[in-house]
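Residue numbers (numbering that gives the first Met the number 0), protein chains in the order written: chain U, 0 to 143; chain F, 0 to 143.
A virtual CB, placed ideally from N, CA and C, is assigned to each residue, including glycine.
Please read these numbers as outputs of a predicted model, since none were measured by experiment.
2 protein chains.
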Amino acid sequence: MKRHHGMKVEIGKSMGMPALFKGIGLKATAQRQEILQTFYDNEGPMTADQIAAKMSKVDMVTLYRTLETFVEYRLIKKLNLSTGITFYEISDTHHHHIVCSKCNLIEEVDSCEIGTLVPHSKKFSFISEHSLEFFGICKSCAKS
Amino acid sequence: MKRHHGMKVEIGKSMGMPALFKGIGLKATAQRQEILQTFYDNEGPMTADQIAAKMSKVDMVTLYRTLETFVEYRLIKKLNLSTGITFYEISDTHHHHIVCSKCNLIEEVDSCEIGTLVPHSKKFSFISEHSLEFFGICKSCAKS
DNA sequence: AGCTAAATGCAACTTACTTGCATTTAGAAA
DNA sequence: TTTCTAAATGCAAGTAAGTTGCATTTAGCT
Numbered sequence: 000m001k002r003h004h005g006m007k008v009e010i011g012k013s014m015g016m017p018a019l020f021k022g023i024g025l026k027a028t029a030q031r032q033e034i035l036q037t038f039y040d041n042e043g044p045m046t047a048d049q050i051a052a053k054m055s056k057v058d059m060v061t062l063y064r065t066l067e068t069f070v071e072y073r074l075i076k077k078l079n080l081s082t083g084i085t086f087y088e089i090s091d092t093h094h095h096h097i098v099c100s101k102c103n104l105i106e107e108v109d110s111c112e113i114g115t116l117v118p119h120s121k122k123f124s125f126i127s128e129h130s131l132e133f134f135g136i137c138k139s140c141a142k143s
Numbered sequence: 000m001k002r003h004h005g006m007k008v009e010i011g012k013s014m015g016m017p018a019l020f021k022g023i024g025l026k027a028t029a030q031r032q033e034i035l036q037t038f039y040d041n042e043g044p045m046t047a048d049q050i051a052a053k054m055s056k057v058d059m060v061t062l063y064r065t066l067e068t069f070v071e072y073r074l075i076k077k078l079n080l081s082t083g084i085t086f087y088e089i090s091d092t093h094h095h096h097i098v099c100s101k102c103n104l105i106e107e108v109d110s111c112e113i114g115t116l117v118p119h120s121k122k123f124s125f126i127s128e129h130s131l132e133f134f135g136i137c138k139s140c141a142k143s
């Protein structure tokens with residue numbers, strides 16, 4: 000699933016962000032609303048720094064704490080890709096990523112046939128998550 | 000593929016570690032030999048700290064630099080799992096991992112059917128790497 | 001044995017993230 | 001609509017993992 004211009008997910012407007020926060024028992028602070036709006040306005044995974052850069056002004060401590068809260072309440076997901084830095088993206092569709100080893104461009108891979116690989120779950124009491132990432136050189140890096 | 004006691008991979012002894020380093024144009028220093036031996040003696044992914052703990056004494060700067068060199072020369076592989084800390088493991092068989100979300104126990108998953116999922120490579124000029132990790136709760140954590 | 005590029009190791013730095021604690025604020029109650 | 005309080009914020013300081021600069025040492029050629 001690809002989101003693009005003119006097709007923004009506007010949960011904030013469709014149900015009201017304060018209502019959304021209230022529904023899960025969180026205070027609808029200005030900071031939380033702007034952070035969540037930043038996810039609505041920007042598709043794809045972002046680092047904490049990238050999120051901060053897109054916002055008017057935010058204390059990094061508040062940002063990190065809010066991101067943890069959002070992950071806990073399943074509003075967003077945490078991604079650990081090759082770099083070691085944590086990326087965050089909105090929790091909509093289940094998908095995987097394809098990452099450029101040179102410029103760290105991240106694209107979404109829609110399909111997920113991982114279910115076919117999951118008999119390994121016998122080794123564990125249950126499998127709750129999985130991550131599949133592809134790494135390579137993106138077309139634009141290959142040109143240069 | 001599982002390595003276990005009595006079945007150690009002893010490249011160091013079978014071809015001589017100095018010869019191995021010489022073959023790739025690296026000086027066979029005592030530190031490099033002990034670091035590589037630590038990989039031969041211990042199966043499974045380890046963090047830099049875990050490697051240091053298994054060694055007689057090593058400067059962390061030397062260790063980090065040596066690990067980077069070993070990755071560059073494909074003696075070992077770097078793993079970025081859920082935690083954000085980097086793990087290193089010897090480059091032998093291609094495999095994936097299953098990680099306990101509670102205790103961070105890491106097990107190997109031998110089979111790799113990812114090839115079937117790679118038509119996504121059209122999006123990139125080529126795919127050089129992929130990573131597939133499963134996360135869940137291991138049997139021993141599930142008990143407690 | 002002597003030479004030199006490569007490798008090491010100390011100190012200091014950086015980056016990503018966390019913790020402690022005093023101040024502020026959302027939103028329920030009066 | 002003011003009052004109250006737990007929840008949330010924001011500053012300062014701390015931590016952990018990894019990096020950089022630079023002087024010293026060493027592998028392994030000659």
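Residue environment: SER55 of chain F is assigned as exposed (fewer than 16 neighbouring CB atoms within 10 Å of its CB, all protein chains considered). When the beta-carbon positions are compared, ILE34 of chain U and THR65 of chain U come within less than 7 angstroms of each other. In the DSSP assignment, VAL98 of chain U falls within the unbroken beta strand (DSSP E) covering 95 to 99. Counting of Cβ neighbours within 10 angstroms places SER130 of chain U among the buried residues, the total reaching 16 or more.
Not flagged as an interface residue toward chain F: HIS96 of chain U, since no C-beta distance is shorter than 7 angstroms. Between ALA47 of chain F and LEU62 of chain F, the gap from beta carbon to beta carbon is short of 7 angstroms.
The C-beta of MET45 of chain F has 16 or more other C-beta atoms within 10 Å across all chains shown, which makes the residue buried. The stretch 98 to 107 of chain U makes contact with the stretch 134 to 142 of chain U, as at least three CB pairs between them are under 8 angstroms. Under the criterion of beta carbons closer than 8 angstroms, LYS21 of chain F and ALA27 of chain F qualify as touching, at roughly 7 angstroms. The C-beta of LEU78 of chain U comes no closer than 7 angstroms to any C-beta of chain F. Pairing ILE75 of chain F with LYS53 of chain F, the inter-Cα distance amounts to about 17 angstroms.
Unbroken beta strand (DSSP E) runs of no fewer than 3 residues, entirely contained in the stretch 37 to 98 of chain U, are found at 75 to 79 and 85 to 89, following chain order. Residue environment: ILE89 of chain U is assigned as buried (16 or more neighbouring CB atoms within 10 Å of its CB, all protein chains considered).
Residue burial annotation: GLU132 of chain F is buried, with at least 16 other C-beta atoms found within 10 angstroms of its C-beta. Remark: C-beta atoms of HIS93 of chain F and VAL108 of chain F do not approach each other more closely than 7 angstroms. Using beta-carbon distances, SER130 of chain U counts as an interface residue toward chain F, with a partner under 7 angstroms. Closer than 7 angstroms at the C-beta level to chain U, one finds no residue of the stretch 38 to 50 of chain F.
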